[in-house]
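Chains as they are written, first to last, in the UniProt record's numbering: chain C, 1 to 215; chain Z, 1 to 215.
Cβ coordinates follow ideal geometry from the N, Cα and C atoms, glycine included.
Step one of this worksheet: look at the structure below.
Number of protein chains: 2
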Amino acid sequence: MPKEFFTVGALLYKDYDLLDVNGSLRMLGSLKANFNIITITQTGEHVTSFTPQIANYINYNFENCPDFDILFIPGGVGTRDELENSVFLDFIKQRVPKVKYVLTVCTGSGLLAKTGLLDGKKATTNKLVWNWMTSFGPNVEWVRKARWVVDGKFYTSSGVSAGMDMVLGFISDIYGKEEADKVALEAEYQWHDDPHWDPFADKLPGTVDLSTIPS
Amino acid sequence: MPKEFFTVGALLYKDYDLLDVNGSLRMLGSLKANFNIITITQTGEHVTSFTPQIANYINYNFENCPDFDILFIPGGVGTRDELENSVFLDFIKQRVPKVKYVLTVCTGSGLLAKTGLLDGKKATTNKLVWNWMTSFGPNVEWVRKARWVVDGKFYTSSGVSAGMDMVLGFISDIYGKEEADKVALEAEYQWHDDPHWDPFADKLPGTVDLSTIPS
């Protein structure tokens, strides 16, 4: 395995999806010698996820956050508020040009799309709220049937659990398929290693509006 | 859906597995009207998971923790230390008789087994470290090929990602299959809804000793 080492900056916000964050980061962090992960919120305080009362411990705020190599943006019901939060979107805009990779899960793709930085790129997002979400990136080449999509330094995934498959795909691209298979096997996880595998594109009509889901 | 409401006490410890905890709790917490979840460590301080520097926010310590209905015990590399921690094992012993259900993921089953409270019960655990782990419960009826096992109030699962399947099984048992299917679908998660599905029992020989894995 190459010795390439990355610091990952995970950008959290109120009502983020707990599995988006911790499923993906757990797979990345399995290669302990290759990744350090820091958590960031706007104020540096912890924010509760959409799972009642559960939160991740937070390391940095937008002011004191150091440079990192990979920007990680999860999705979640809270996306609907951050789409209107210019401070949050500005943080993404400032950091994207400085990082080697951007990984977004679920509706995190919509937050990135809203900044305009995905314009002209291929990407995917959550299938339940597809229509609403993709409306924030009218110039993005949205790929509806995909577990995850890679375009240059941008990795975007479908909803929630797709983040784990995408991150295993990222590990495979950087360190080789054997490493990704090993991480999945030792987590007793059935990795969907084909980025075109996506039964949910057919099962979910994509017509739910996230702003209608109760807090 | 019945209106049965549960408070879940999630028992964390240093080097717990991040997905064991947050994958399972995310599935449970999808039924927001039915679950509240509290996090507990021995001292009430947060502890880092085995994923570099990532931690959950903690609500209670062993002294000030209120009653709860479901005891949730995750696995992780840190199990090896807690197996020798009598204060930790005593907390489990005191709480198990008071709760309606006990849910353990991965090597969390070994922690429960070490207390003797699984004696004579059917249970399963992680397949990578099977031999080492089951040695802590010589009087447990260990079921090697199983995604999860139910015996009375005890739900035990195989390694890491199996926790999500088990919790969906628990939701199905309490609230009906339709509810569990909906949670899985909206998380774009391919639920393995057959508790006998377990390809990892054959793929992993079970001969790894957790105490040999570097910190």
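Worksheet item: Within 8 Å (strictly less), CB to CB, does Asn36/C reach chain Z?
Response: By 1-based counting over the first sequence, the position of residue 36/C is 36. Closer than 8 Å: yes.
Discussion item. Relative to the C-alpha of Ile174/Z, which candidate in Lys14/Z, Asn56/Z, Ile70/Z, Glu63/Z has its C-alpha closest?
Written reply: Within the second sequence, residue 174/Z is the residue found at index 174, counting from 1. Of the candidates Lys14/Z, Asn56/Z, Ile70/Z, Glu63/Z, the one whose C-alpha sits nearest the C-alpha of Ile174/Z is Ile70/Z.
Discussion item. Taking the beta carbon of Lys127/Z as the centre, do at least 16 other beta carbons fall within 10 Å, making it buried, or is it exposed?
Written reply: For the purposes of this step, residue 127/Z is taken as the residue at position 127 of the second sequence. Buried is the call here.
Discussion item. Out of Phe72/C, Glu84/C, Gly76/C, which one is the CA nearest neighbour of Val96/C?
Written reply: Here the question's residue 96/C lines up with position 96 in the first sequence. Per the Cα distances, Phe72/C.
Worksheet item: First and last residue of the alpha helix (DSSP H) that includes Asp90/C?
Response: Within the first sequence, the letter at position 90 stands for residue 90/C. Counted as a single uninterrupted DSSP element, the alpha helix (DSSP H) harbouring Asp90/C occupies residues 86-95.
Discussion item. Between the alpha carbons of Ala123/C and Gly163/C, how many angstroms are there, rounded?
Written reply: Against the first sequence, residue 123/C aligns to sequence position 123. Against the first sequence, residue 163/C aligns to sequence position 163. Roughly 13 Å between the two C-alpha positions.
Discussion item. Checking 8 Å against the spacing of the C-beta atoms, do Ser161/C and Glu188/Z come in under that value?
Written reply: The residue you call residue 161/C lines up with position 161 of the first sequence. The residue you call residue 188/Z lines up with position 188 of the second sequence. Contact flag set, yes.
Worksheet item: Hey, out of Lys121/Z, Leu204/Z, Val150/Z, Lys14/Z, whose CA is closest to Gly137/Z's CA?
Response: Walking along the second sequence from the start, residue 137/Z turns up at place 137. Closest by alpha carbon: Lys121/Z.
Worksheet item: Are any of the Cβ atoms in chain C nearer than 8 Å to that of Ala26/Z?
Response: Here the question's residue 26/Z lines up with position 26 in the second sequence. As written in the sequence, residue 26/Z is Arg, which differs from the Ala given in the question. It does: the Cβ of Arg26/Z has a partner Cβ on chain C nearer than 8 Å.
Discussion item. Can you tell me where the alpha helix (DSSP H) holding Gly169/Z begins and where it ends?
Written reply: Against the second sequence, residue 169/Z aligns to sequence position 169. Where Gly169/Z is concerned, the enclosing alpha helix (DSSP H) stretches over 162-175.
Worksheet item: Going by Cα to Cα distance, which pick from Phe5/C, Ala33/C, Gly78/C is closest to His20/C?
Response: Locating residue 20/C in the first sequence gives position 20, counting from the first residue. As written in the sequence, residue 20/C is Asp, which differs from the His given in the question. That would be Gly78/C, whose Cα lies nearest to the Cα of Asp20/C.
Worksheet item: Mind checking whether Arg144/Z and Ala201/Z have CB atoms under 8 Å apart?
Response: Translated into positions along the second sequence, residue 144/Z becomes position 144. Translated into positions along the second sequence, residue 201/Z becomes position 201. Contact: yes.
Worksheet item: In whole angstroms, what separates the C-alpha of Asp209/C from that of Thr134/C?
Response: Residue mapping note: residue 209/C aligns to position 209 of the first sequence, counting from 1. Residue mapping note: residue 134/C aligns to position 134 of the first sequence, counting from 1. Cα to Cα, the separation comes out at about 11 Å.
Worksheet item: Cβ of Thr156/Z less than 8 Å from any chain C Cβ?
Response: Walking along the second sequence from the start, residue 156/Z turns up at place 156. Chain C, which has no Cβ nearer than 8 Å to the Cβ of Thr156/Z, makes this no.
Worksheet item: Do Thr48/C and Asn61/C have their C-beta atoms within less than 8 Å of each other?
Response: Mapped onto the first sequence, residue 48/C falls at position 48. Mapped onto the first sequence, residue 61/C falls at position 61. Not a contact, by the Cβ cut-off of 8 Å.
Discussion item. Given a cut-off of 8 Å on the beta-carbon distance, is the pair Gln53/Z and Ile37/C in contact?
Written reply: As a first step, residue 53/Z is located in the second sequence; it is residue number 53 there, counting from the start. As a first step, residue 37/C is located in the first sequence; it is residue number 37 there, counting from the start. A contact, by the Cβ cut-off of 8 Å.
Item to complete: For Gly29/Z, return the contacting residues in chain C, with the cut-off set at a CB-CB distance below 9 Å.
Response: Reading the second sequence from its first residue, position 29 is the one you call residue 29/Z. In chain order: Leu18, Ser49, Phe50, Thr51, Pro52, Gln53, Ile54.
Discussion item. Beta carbons nearer than 7 Å to chain C: which residues of the region 158-189 of chain Z have them?
Written reply: Listed by position, the residues of the region 158-189 of chain Z near chain C (Cβ gap below 7 Å) are Ser158, Gly159, Val160, Ser161, Ala162, Leu185, Glu186, Ala187, Glu188, Tyr189.
Worksheet item: Per DSSP, what kind of secondary structure is Trp142/Z in: helix, strand or coil?
Response: Counting from 1 along the second sequence, the entry for residue 142/Z is found at position 142. Of the three classes helix, strand and coil, the one that applies to Trp142/Z here is strand, per DSSP.
Worksheet item: Would Trp148/Z pass as a contact of Pro214/Z if the rule is Cβ separation under 8 Å?
Response: Here residue 148/Z is taken as the residue at index 148 of the second sequence, counted from 1. Here residue 214/Z is taken as the residue at index 214 of the second sequence, counted from 1. Going by C-beta atoms, Trp148/Z is not nearer than 8 Å to Pro214/Z.
Worksheet item: Based on Cα-Cα distance, which residue from Val8/Z, Ala55/Z, Thr115/Z, Leu31/Z lies nearest to Gly23/C?
Response: Working through the first sequence from its first residue, we reach residue 23/C at position 23. Residue Ala55/Z is the option with its Cα nearest to Gly23/C.
Practice prompt. Determine the direct distance from the alpha carbon of Tyr13/Z to that of Ala180/C, and round the result to whole angstroms.
Written response: In the first sequence, residue 180/C corresponds to position 180, counting from 1. In the second sequence, residue 13/Z corresponds to position 13, counting from 1. Computed Cα separation, rounded: 27 Å.
Practice prompt. Could you round the C-beta distance between His192/Z and Asp165/Z to whole angstroms and report it? I think they count as a contact, below 8 Å.
Written response: Sequence index remark: in the second sequence, residue 192/Z carries index 192 (1-based). Sequence index remark: in the second sequence, residue 165/Z carries index 165 (1-based). About 5 Å; that satisfies the 8 Å criterion.
Discussion item. Once DSSP output is grouped into helix, strand and coil, what is the label at Ala33/Z?
Written reply: Here residue 33/Z is taken as the residue at index 33 of the second sequence, counted from 1. Residue state, collapsed to three classes: coil.
Fill in: When Leu111/Z, Leu18/Z, Ala33/Z are compared against Ser86/Z, the one with the closest alpha-carbon
Your numbering for residue 86/Z matches position 86 in the second sequence. Nearest of Leu111/Z, Leu18/Z, Ala33/Z to Ser86/Z, Cα basis: Leu111/Z.
Worksheet item: Does DSSP put Leu25/C in a helix, in a strand, or in coil?
Response: Indexing the first sequence from 1 puts residue 25/C at position 25. Helix.
Item to complete: Per DSSP, which residues does Val150/Z bridge with? Please list them.
Response: Stepping through the second sequence from its first residue, residue 150/Z is reached at position 150. Tyr155/Z.
Item to complete: Could you pull the start and end residues of the alpha helix (DSSP H) that Gly110/Z belongs to?
Response: Looking up residue 110/Z in the second sequence gives position 110. Taken as a continuous stretch (DSSP letters only), the alpha helix (DSSP H) holding Gly110/Z covers 108-114.
Item to complete: List the residues of chain Z whose Cβ lies closer than 7 Å to the Cβ of Leu128/C, in chain order.
Response: Along the first sequence, read from residue 1 onward, the residue named residue 128/C stands at position 128. Ordered by position in chain Z, the residues that pass the 7 Å Cβ test against Leu128/C are Glu186.
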